[in-house]
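Chains S and H are the protein sequences, given in the same order.
Residue numbers 45 to 235, in our numbering, belong to the letters of the first sequence in order.
Residue numbers 45 to 235, in our numbering, belong to the letters of the second sequence in order.
Notes for the one structure printed next.
Number of protein chains: 2
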Amino acid sequence: MTNSLIRQILLYEKLDDVEINILLKRFEAVSLKTDDYFLKEGQICRNVGFIETGLVMYYKLSEDGHELVCDFAKENDWMTQYQSFISTSSSSLSIKAIEPTTLYVISFDSLNKLYEEVPRFEKVTRQLIEKVFFGMVKRAGDLQALKAEERYEKLLAENPFIIQRVQQYYVASYLGIAPQSLSRIRKNSSG
Amino acid sequence: MTNSLIRQILLYEKLDDVEINILLKRFEAVSLKTDDYFLKEGQICRNVGFIETGLVMYYKLSEDGHELVCDFAKENDWMTQYQSFISTSSSSLSIKAIEPTTLYVISFDSLNKLYEEVPRFEKVTRQLIEKVFFGMVKRAGDLQALKAEERYEKLLAENPFIIQRVQQYYVASYLGIAPQSLSRIRKNSSG
DNA sequence: TTCATTTCTTCACAAATGTGAATGAGAATG
DNA sequence: CATTCTCATTCACATTTGTGAAGAAATGAA
Numbered sequence: 045m046t047n048s049l050i051r052q053i054l055l056y057e058k059l060d061d062v063e064i065n066i067l068l069k070r071f072e073a074v075s076l077k078t079d080d081y082f083l084k085e086g087q088i089c090r091n092v093g094f095i096e097t098g099l100v101m102y103y104k105l106s107e108d109g110h111e112l113v114c115d116f117a118k119e120n121d122w123m124t125q126y127q128s129f130i131s132t133s134s135s136s137l138s139i140k141a142i143e144p145t146t147l148y149v150i151s152f153d154s155l156n157k158l159y160e161e162v163p164r165f166e167k168v169t170r171q172l173i174e175k176v177f178f179g180m181v182k183r184a185g186d187l188q189a190l191k192a193e194e195r196y197e198k199l200l201a202e203n204p205f206i207i208q209r210v211q212q213y214y215v216a217s218y219l220g221i222a223p224q225s226l227s228r229i230r231k232n233s234s235g
Numbered sequence: 045m046t047n048s049l050i051r052q053i054l055l056y057e058k059l060d061d062v063e064i065n066i067l068l069k070r071f072e073a074v075s076l077k078t079d080d081y082f083l084k085e086g087q088i089c090r091n092v093g094f095i096e097t098g099l100v101m102y103y104k105l106s107e108d109g110h111e112l113v114c115d116f117a118k119e120n121d122w123m124t125q126y127q128s129f130i131s132t133s134s135s136s137l138s139i140k141a142i143e144p145t146t147l148y149v150i151s152f153d154s155l156n157k158l159y160e161e162v163p164r165f166e167k168v169t170r171q172l173i174e175k176v177f178f179g180m181v182k183r184a185g186d187l188q189a190l191k192a193e194e195r196y197e198k199l200l201a202e203n204p205f206i207i208q209r210v211q212q213y214y215v216a217s218y219l220g221i222a223p224q225s226l227s228r229i230r231k232n233s234s235g
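If you want it as structure tokens, here you go:
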């Protein structure tokens, strides 16, 4: 029995076959078509997903009504809206698939039962949250200290999948610049 | 027995007098003069501090050798460099007092003993970390979506203590702009 | 107080980024 | 295939922000 979910979890914590089987029963396979939502703004996020294949985007509506892209997640990434999930409060973000996406999904209740059944799984979760937290610190630092062109170059170096697989106006939004500016940056940096 | 440390903790979790006494024995009172360090870049952060009075600044050196201000913490705030603390790795940040500061400090080992003695204290810690995490998400969103003047106005509205108590070139760095730009923004926004 | 040092402000100009419009390329649809 | 629609590119120009220099103001030390 090997799938990407188990493979990923085993990177963080050794679990035996019994534990793995318990764990698998708690997850449900879900498919999203492009533009389907994992979570809509205003809803309470009651699930955590692990992406087997595909690509999703976190975004919110800014005050002037534009989509503001906050993050991406791709195959082998975990996804949830932590604030909403943890505090059972309505989410200010939406998460939608921007490629056909297959997931393993676990609900809040199921996750808590899993923690009782497989206590070591809590360590996995904690490490994953830390990873997201440190990623956010890094992102804030980049937005603070780098100019647009540098942020683009860094994204290209560190997360090329975003630039390869995401529409440019979404990438621009994620970088905090206008689509036209990203177009200009790409022209200057490649030539 | 009432001090700001206990008062703050009780906001998050009800603890009885026995627990409070155990807890107090694990913390040590420390004073920092202005420009004294709580943590220096390159060191491993082995402590968590609770600020009773005063003000500290997190910063790192950018590639061009300038101080880049990452955060502030004031009285009744907790302070540590999570990444270094959690993973016992050397810190890329420094934390220094920018006002005379009094602290309660607890070491990594002492904190873990405290978790055994007062298990409920883990809940406090978890909530504090979540708070920092959500704050960082918000900061990244602001840096992404707002222009310099809007970031300044928002800081003034939400954290006026920073503008009142921190030198302007540090505030500018925190906002991700040049000191002269902050000066210009202040001139235009007040008139 | 006086002097030295640091920080803040102001200015002129440079560089970076935003904006609206026009065009073009490609994908989707019929 | 033709048509539409969406997105990317380009351009001219506006706005925002950065930069270096000069001086003013504030701070700290003798």
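Just so it is clear, CB atoms sit at the ideal spot from N, CA and C, and this is done for glycine as well.
For clarity, every value in this text was computed on a predicted model and none was experimentally measured.
Checklist entry - Which residues of chain H have a Cβ atom closer than 7 Å to the Cβ of Ser227 of chain S, listed in chain order? => result Residues of chain H passing the Cβ test: none, with the nearest at roughly 19 Å.
Item to check | Any chain H beta carbon closer than 8 Å to Ser138 of chain S | outcome: no
Item to check | Under 9 Å by beta carbon: chain H residues contacting Leu112 of chain S | outcome: Gly185, Gln188, Ala189
Next on the checklist: So, with DSSP's three-state summary, where would you put Asn91 of chain S?
Outcome noted: When DSSP states are grouped into helix, strand and coil, Asn91 of chain S belongs to the strand group.
Item to check | Cβ-based contacts, 9 Å cut-off: residues of the region 119-138 of chain S near chain H | outcome: Tyr126, Gln127, Ile130, Ser131
Checklist entry - Roughly how many whole angstroms lie between the Cα atoms of Gly109 of chain S and Arg164 of chain S? => result 43 Å
Item to check | Own chain residues within Cβ distance below 7 Å of Asp80 of chain S, not counting five before or after | outcome: Lys140, Ala141
Checklist entry - Would the beta-carbon of Phe178 of chain S fall within 8 Å of that of Gln127 of chain H? => result yes
Checklist entry - Going along the chain, which residues of its own chain have a beta-carbon closer than 6 Å to the beta-carbon of Asn91 of chain H, five neighbours each way excluded? => result So the list reads Val149, Ser151, once near-sequence residues are dropped.
Checklist entry - What is the rounded straight-line gap between the Cα of Ser217 of chain S and the Cα of Ser138 of chain S? => result The C-alpha of Ser217 of chain S lies about 15 Å from the C-alpha of Ser138 of chain S.
Checklist entry - If contact means a Cβ-Cβ distance below 9 Å, which residues of the region 93-107 of chain S contact chain H? => result Lys104, Ser106, Glu107
Checklist entry - Should Ile53 of chain S and Val168 of chain S be called a contact, given that it needs their Cβ atoms to be closer than 8 Å? => result yes
Checklist entry - Grouping DSSP H, G and I as helix and E and B as strand, with all else coil, what is Ile142 of chain H? => result coil
Next on the checklist: For Thr132 of chain H, list the residues DSSP reports as bridge partners.
Outcome noted: None, per the DSSP bridge assignment.
Checklist entry - In the DSSP assignment, what residue or residues form a beta bridge with Ile64 of chain S? => result Looking at the DSSP assignment, Ile64 of chain S forms no beta bridge with any residue, so it has no partner.
Next on the checklist: Mapping the DSSP letters down to three states, classify Phe165 of chain S as helix, strand or coil.
Outcome noted: helix
Checklist entry - Can you give the beta carbon distance from Gly86 of chain H to Ser134 of chain H, rounded, assuming they're within the 8 Å contact cut? => result 5 Å
Checklist entry - Apart from the five residues on each side of it in sequence, which residues of its chain come closer than 8 Å, Cβ to Cβ, to Leu219 of chain H? => result Ala192, Arg195, Tyr196, Leu199, Leu226
Next on the checklist: Just to check my reading of the structure: Gln208 of chain H and Pro223 of chain H have Cβ atoms closer than 8 Å, yes? What is that Cβ distance to the nearest angstrom?
Outcome noted: Their Cβ separation, rounded to whole angstroms, is 17 Å, which puts Gln208 of chain H and Pro223 of chain H out of contact at 8 Å.
Next on the checklist: How far does the beta strand (DSSP E) with Glu194 of chain H in it extend, from its first residue to its last?
Outcome noted: Per DSSP, Glu194 of chain H belongs to no beta strand (DSSP E); it is in the alpha helix (DSSP H), 192-202.
Checklist entry - For Val168 of chain H and chain S, any beta-carbon pair shorter than 8 Å? => result no
Checklist entry - With burial defined as no fewer than 16 other Cβ atoms inside 10 Å of the residue's Cβ, what is the status of Val100 of chain S: buried or exposed? => result buried
Item to check | Length of the line joining the Cα atoms of Glu166 of chain H and Val62 of chain S | outcome: 29 Å
Next on the checklist: Distance cutoff 8 Å, beta carbons only. Does Glu57 of chain S sit that close to anything in chain H?
Outcome noted: Not a single CB atom of chain H sits nearer than 8 Å to the CB of Glu57 of chain S.
Item to check | Any C-beta of chain H under 8 Å from that of Phe177 of chain S | outcome: Closer than 8 Å to some Cβ of chain H, the Cβ of Phe177 of chain S qualifies, so yes.
Checklist entry - Using the beta-carbon count (16 or more within 10 Å), is Asp186 of chain S buried or exposed? => result buried
Checklist entry - By how many angstroms is the C-alpha of Glu111 of chain H removed from the C-alpha of Met45 of chain S? => result Model confidence at Met45 of chain S stands at a pLDDT of 48, short of 50, so the residue's coordinates are unreliable; what they give is reported in the following sentence. If I take the Cα positions, the gap works out to 51 Å.
Checklist entry - In the DSSP assignment, what residue or residues form a beta bridge with Ala117 of chain H? => result H:Val100
Next on the checklist: Measuring only the C-alpha atoms, how far is Thr145 of chain S from Thr97 of chain H?
Outcome noted: Our two residues, Thr145 of chain S and Thr97 of chain H, have alpha carbons roughly 51 Å apart in a direct line.
Checklist entry - Would a check of beta-carbon distances place Gly220 of chain S closer than 8 Å to chain H? => result Chain H, which has a Cβ nearer than 8 Å to the Cβ of Gly220 of chain S, makes this yes.
Next on the checklist: Quick check on the burial criterion: 16 or more other C-beta atoms within 10 angstroms. Buried or exposed for Tyr159 of chain H?
Outcome noted: exposed
Checklist entry - What residues of chain H sit near Val278 of chain S, judged by a beta carbon separation below 7 Å? => result Here chain S comprises residues numbered 45 to 235, so residue 278 of chain S is not present and cannot be evaluated.
Item to check | Length of the line joining the Cα atoms of Ser48 of chain S and Asn120 of chain S | outcome: 7 Å
Checklist entry - Run through DSSP, which three-state label would Ala222 of chain S get? => result coil
Checklist entry - With a cut-off of 8 Å, does the C-beta of Glu2 of chain H fall near any C-beta of chain S? => result Not covered by the structure: residue 2 of chain H. The range shown for chain H is 45 to 235.
Item to check | Run of the alpha helix (DSSP H) containing Ser48 of chain S, from where it starts to where it stops | outcome: 48-56
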